[in-house]
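Chains as they are written, first to last, in the numbering used here: chain A, 1 to 206; chain B, 207 to 412; chain C, 413 to 618; chain D, 619 to 824. Backbone N, C-alpha and C define an ideal beta-carbon position, used for all residues, glycine too. For reference, the structure is listed below as structure tokens.
Protein chains: 4
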Amino acid sequence: MTEVLQQSRARARQRRILDAALRVFSRKGYRDASVDEIAGESATSKGGVYFHFPGKEAIFLHLLNRTASQLRTKAEEAMAAHDDPIAKADAALLAVLHTFAKHRALARLFMVEAMGAGREFQQRMAEIHAEFATIIREHLDDAVAQGVIAPIDTEIAGRAWFGALNEVITNWVILGEQERLEDAYAALRPLLMRSVGVADSQERVS
Amino acid sequence: MTEVLQQSRARARQRRILDAALRVFSRKGYRDASVDEIAGESATSKGGVYFHFPGKEAIFLHLLNRTASQLRTKAEEAMAAHDDPIAKADAALLAVLHTFAKHRALARLFMVEAMGAGREFQQRMAEIHAEFATIIREHLDDAVAQGVIAPIDTEIAGRAWFGALNEVITNWVILGEQERLEDAYAALRPLLMRSVGVADSQERVS
Amino acid sequence: MTEVLQQSRARARQRRILDAALRVFSRKGYRDASVDEIAGESATSKGGVYFHFPGKEAIFLHLLNRTASQLRTKAEEAMAAHDDPIAKADAALLAVLHTFAKHRALARLFMVEAMGAGREFQQRMAEIHAEFATIIREHLDDAVAQGVIAPIDTEIAGRAWFGALNEVITNWVILGEQERLEDAYAALRPLLMRSVGVADSQERVS
Amino acid sequence: MTEVLQQSRARARQRRILDAALRVFSRKGYRDASVDEIAGESATSKGGVYFHFPGKEAIFLHLLNRTASQLRTKAEEAMAAHDDPIAKADAALLAVLHTFAKHRALARLFMVEAMGAGREFQQRMAEIHAEFATIIREHLDDAVAQGVIAPIDTEIAGRAWFGALNEVITNWVILGEQERLEDAYAALRPLLMRSVGVADSQERVS
DNA sequence: GATGAATGAGACTTCATTCAT
DNA sequence: CATGAATGAAGTCTCATTCAT
Numbered sequence: 001m002t003e004v005l006q007q008s009r010a011r012a013r014q015r016r017i018l019d020a021a022l023r024v025f026s027r028k029g030y031r032d033a034s035v036d037e038i039a040g041e042s043a044t045s046k047g048g049v050y051f052h053f054p055g056k057e058a059i060f061l062h063l064l065n066r067t068a069s070q071l072r073t074k075a076e077e078a079m080a081a082h083d084d085p086i087a088k089a090d091a092a093l094l095a096v097l098h099t100f101a102k103h104r105a106l107a108r109l110f111m112v113e114a115m116g117a118g119r120e121f122q123q124r125m126a127e128i129h130a131e132f133a134t135i136i137r138e139h140l141d142d143a144v145a146q147g148v149i150a151p152i153d154t155e156i157a158g159r160a161w162f163g164a165l166n167e168v169i170t171n172w173v174i175l176g177e178q179e180r181l182e183d184a185y186a187a188l189r190p191l192l193m194r195s196v197g198v199a200d201s202q203e204r205v206s
Numbered sequence: 207m208t209e210v211l212q213q214s215r216a217r218a219r220q221r222r223i224l225d226a227a228l229r230v231f232s233r234k235g236y237r238d239a240s241v242d243e244i245a246g247e248s249a250t251s252k253g254g255v256y257f258h259f260p261g262k263e264a265i266f267l268h269l270l271n272r273t274a275s276q277l278r279t280k281a282e283e284a285m286a287a288h289d290d291p292i293a294k295a296d297a298a299l300l301a302v303l304h305t306f307a308k309h310r311a312l313a314r315l316f317m318v319e320a321m322g323a324g325r326e327f328q329q330r331m332a333e334i335h336a337e338f339a340t341i342i343r344e345h346l347d348d349a350v351a352q353g354v355i356a357p358i359d360t361e362i363a364g365r366a367w368f369g370a371l372n373e374v375i376t377n378w379v380i381l382g383e384q385e386r387l388e389d390a391y392a393a394l395r396p397l398l399m400r401s402v403g404v405a406d407s408q409e410r411v412s
Numbered sequence: 413m414t415e416v417l418q419q420s421r422a423r424a425r426q427r428r429i430l431d432a433a434l435r436v437f438s439r440k441g442y443r444d445a446s447v448d449e450i451a452g453e454s455a456t457s458k459g460g461v462y463f464h465f466p467g468k469e470a471i472f473l474h475l476l477n478r479t480a481s482q483l484r485t486k487a488e489e490a491m492a493a494h495d496d497p498i499a500k501a502d503a504a505l506l507a508v509l510h511t512f513a514k515h516r517a518l519a520r521l522f523m524v525e526a527m528g529a530g531r532e533f534q535q536r537m538a539e540i541h542a543e544f545a546t547i548i549r550e551h552l553d554d555a556v557a558q559g560v561i562a563p564i565d566t567e568i569a570g571r572a573w574f575g576a577l578n579e580v581i582t583n584w585v586i587l588g589e590q591e592r593l594e595d596a597y598a599a600l601r602p603l604l605m606r607s608v609g610v611a612d613s614q615e616r617v618s
Numbered sequence: 619m620t621e622v623l624q625q626s627r628a629r630a631r632q633r634r635i636l637d638a639a640l641r642v643f644s645r646k647g648y649r650d651a652s653v654d655e656i657a658g659e660s661a662t663s664k665g666g667v668y669f670h671f672p673g674k675e676a677i678f679l680h681l682l683n684r685t686a687s688q689l690r691t692k693a694e695e696a697m698a699a700h701d702d703p704i705a706k707a708d709a710a711l712l713a714v715l716h717t718f719a720k721h722r723a724l725a726r727l728f729m730v731e732a733m734g735a736g737r738e739f740q741q742r743m744a745e746i747h748a749e750f751a752t753i754i755r756e757h758l759d760d761a762v763a764q765g766v767i768a769p770i771d772t773e774i775a776g777r778a779w780f781g782a783l784n785e786v787i788t789n790w791v792i793l794g795e796q797e798r799l800e801d802a803y804a805a806l807r808p809l810l811m812r813s814v815g816v817a818d819s820q821e822r823v824s
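Below is the structure:
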């Protein structure tokens, strides 16, 4: 069918635009990225971009949501490999970290640019942060339920874990290459564990 | 001396511009704040603003530095009241929190807007974050030296503490009023303490 | 014949497009009407519209000509019912008025939008105006020839009659509902009659 | 004072922009006129235009109002020279005509472009038309009151007079040079007079 | 014949910055 | 020193038109 072909081509073009946008946004930042440049980078015309997306803002939002969803998937896959609730939460953090370590552009977009891109995004970003904090929290709750850790305020713990990770990633994103991002986590991990009352068990690495 | 008078008048105007800029930036965000509006809010003309500052960017940077310095002062004053190194670090965090709780505009500027305002600021922000992380770290180092806590990676701990705090403040800034910011810290504090191996001692609030 | 079927189908679609265009043009005005919207309203695709018409301009021109021709037909039918040349001219005006009263959209298109839609249309509109003025003129000429009215400049009279009518209709189109358009004519008629030296004779209909 | 100088310079520039806009609008029509071209023609920058006017629409509206006001002034001056109310109305029409005859650009703008420039202007144009129709009407009312003419529907008469004039001017604007606009009025005048029951008195021309 | 994705020229507008007064 | 008019580069977005499928 012609229709199907066109649809799939359209979807391919959408993805090309999104991919190009990711590159441009993380190269220039949201405010300094121009739709013109995104169009150029995706081998499309400006009009083409506007055919597929209502505007620059929408592109960024798509990207944000797409990334958040990919990230969540990765985290969930990583957690599936473990039974221990603490190990699960731990695995989730590590998965997120791995992903960002591989795609610094993504990390920059996600951790840095999104905040200052305007009120609209801050709200959405806060939600995304909260989503991840909640994932952690739920597994800490499980851990409490199973008696693995003592009862604590898991909500604040989830947020704190995420915040600590965030700070580490952000630093790594902004300052040059420095060290491997995973190494930072290796140092961070015992801290997090202790914070919820888990005695250190240096079982794992990557 | 006329000179002296003029100097002080000039300084007064500078401050008026900075104060106005703070209001405008935190109302509109960096990118949506216009020099025109800052001029209007500070009862000056656009030309006047440009006489005192090289440009919009410089105003923001001034503000950032001024705020960081005020914050550091507050933190140091708070720490001076304590001997115990852990208590010092703790007091510093609380002082920062108090300040932000009183001036949400400042918090927004400092924690949210600055990140996405452009490459220039991200670098500076990372430095400021690092400064605060270092303050914490130094006192944790003291604590280790005094045998109050066991040896740990204090650098990562400083960053983690700051990151956790950051996340909490950011959430509070972006989402509406919700709860008192200080309450969040009350919940956060035991976590931080445990993370460096200090048994909970619920001594204080303020 | 397949050919015949296809031809008639093509013509049907043409008409559907024209009808849709009339609605859109009179809703949005020429410049704010988009081909996309016309396509949507005529249950066709943009490509379809461009298959049947060379462009937006041509659609508008078609509409203009179609309307002018319909209007002329109505006027001629109305005139056929009368012998008196003055009555004929009178009937023509009334017929035009009736038509517009029923189709305000048409009136708006014809009297208002067409003028400002661009140079191309102004020329054509002037011609159409002239056509109607000429119809009136011819019957005034007949009246002069038959001695019903005294010799006057019938050309200018035709134009003036049309102009007066035009102003009345335009007002009615732009300002809301107000009164019945026909009532305005009832008031206008004696004026027109007197202007060519015909004593008032309130013979007529509706 | 610097202030005064700047103000007067600003006003001069405003006028330059308005004058340039008049030229461009009447050369290209409202929709095809670009702010760029207006800026160029007024030896300003695009930004300069936007400093003085909120946008293209506002420029056009200014022009419309300015012209309407000038026209009214001319008409009133012309009427001041006469006592007879009919002569006054007559003089007003002639004054309007003279003005347009001298400034065809103005006429085009006023009679043709304004209508199709968008809904906003149509409303305002209808008002302006009504203003002029009212001026005529008031003097016809005077004439009735003084017993110069028999009682008639002066409101519709005012509108009809204006409409007739409008048609004549519009034709003259759109079709090339042809004849002198004033000659058209000479032919139109007896018609108008008769229409309100005034016997012809070919007293004047200009 | 129909479809709708793609194009690209061009429109309006904003604003940081400069500079004559 | 202050003012605010002026600049001009850059940005987002619209839409008539084309054309591969």
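The beta carbons of residue 182(A) and residue 101(A) sit closer together than 8 Å. Rounded to whole angstroms, the separation of the alpha carbons of residue 336(B) and residue 129(A) is 22 Å. Under the three-state reduction of DSSP output, residue 474(C) falls in the helix class. Those residues of the stretch 109-121 of chain A placed with their C-beta closer than 9 Å to a C-beta in chain B are 111, 112, 113, 114, 115, 116, 117, 118, 119, 121, ordered along the chain. Membership of residue 38(A) in the alpha helix (DSSP H) is indicated by the continuous run 35-41. DSSP places residue 663(D) in the coil class of the three-state scheme, outside both helix and strand. Residue nearest to residue 258(B) within the set 398(B), 220(B), 321(B), 362(B) is 220(B) (criterion: CA-CA distance). Ranked by Cα distance from residue 713(D), the first of 731(D), 727(D), 673(D), 693(D) is 693(D). The CB of residue 603(C) comes closer than 8 Å to the CB of 770, 771, 774, 775, 778, 813, 814 in chain D, given here in chain order. Residue contact check for residue 263(B) against chain A: no CB pair falls below 8 Å. Across the set 11(A), 145(A), 137(A), the C-alpha of 137(A) shows the shortest separation from the C-alpha of residue 155(A). The closest CA to that of residue 807(D), considering only 678(D), 779(D), 627(D), 686(D), is found on 779(D). Rounded to the nearest whole angstrom, the CA to CA distance from residue 311(B) to residue 163(A) is 21 Å. Rounded to whole angstroms, residue 88(A) and residue 253(B) show a C-alpha spacing of 59 Å. Your pair residue 329(B) and residue 149(A) does not check out as a contact, with CB atoms roughly 39 Å apart and the cut at 8 Å. For residue 550(C), none of the residues of chain D pass the 9 Å Cβ criterion, the least Cβ distance being about 17 Å. In the structure shown, residue 176(A) adopts coil according to DSSP, grouped into three states.
Here DSSP, grouped into helix, strand and coil, assigns residue 198(A) to coil. Cβ-Cβ separation between residue 584(C) and residue 599(C): approximately 12 Å, too far for a contact (criterion under 8 Å). At a cut-off of 8 Å between beta carbons, residue 61(A) makes no contact with chain B.
Beta-carbon to beta-carbon, residue 437(C) and residue 552(C) are separated by about 33 Å, too far to satisfy the 8 Å threshold. Within chain B, 380 have C-beta atoms less than 8 Å from the C-beta of residue 123(A), given in sequence order.
When CB distances to chain C are screened at a threshold of 8 Å, the residues of the stretch 640-665 of chain D falling below it are 647, 648, 649, 650, in chain order.
Pairing residue 527(C) with residue 734(D) gives a Cβ-Cβ distance under 8 Å. The continuous alpha helix (DSSP H) containing residue 716(D) extends over residues 703-720. The beta carbon of residue 377(B) sits closer than 8 Å to some beta carbon of chain A.
Per the C-alpha coordinates, the member of 192(A), 36(A), 159(A), 142(A) positioned closest to residue 134(A) is 159(A). Secondary structure note for residue 744(D): its alpha helix (DSSP H) is the uninterrupted segment 737-763. Between residue 810(D) and the set 797(D), 711(D), 647(D), 745(D), the nearest pair of CA atoms involves 711(D). Under the Cβ distance rule, residue 781(D) counts among the residues neighbouring chain C, one pair being separated by less than 8 Å. Counting only Cβ-Cβ distances below 7 Å, residue 784(D) has contacts in chain C at 575, 579, in chain order. Note on residue 333(B): under 16 other CB atoms within 10 angstroms of its CB, so exposed under the neighbour-count rule. Excluding sequence positions up to five before and after residue 165(A), its CB lies within less than 8 Å of the CB of 93, 96, 97, 185, 188, all in the same chain and listed in chain order. Distance from the Cα of residue 218(B) is smallest, within the candidate group 240(B), 233(B), 255(B), for 255(B). Cβ contact annotation for residue 447(C) (same chain, cutoff 7 Å, sequence separation greater than five): 458, 461, 468, in chain order.
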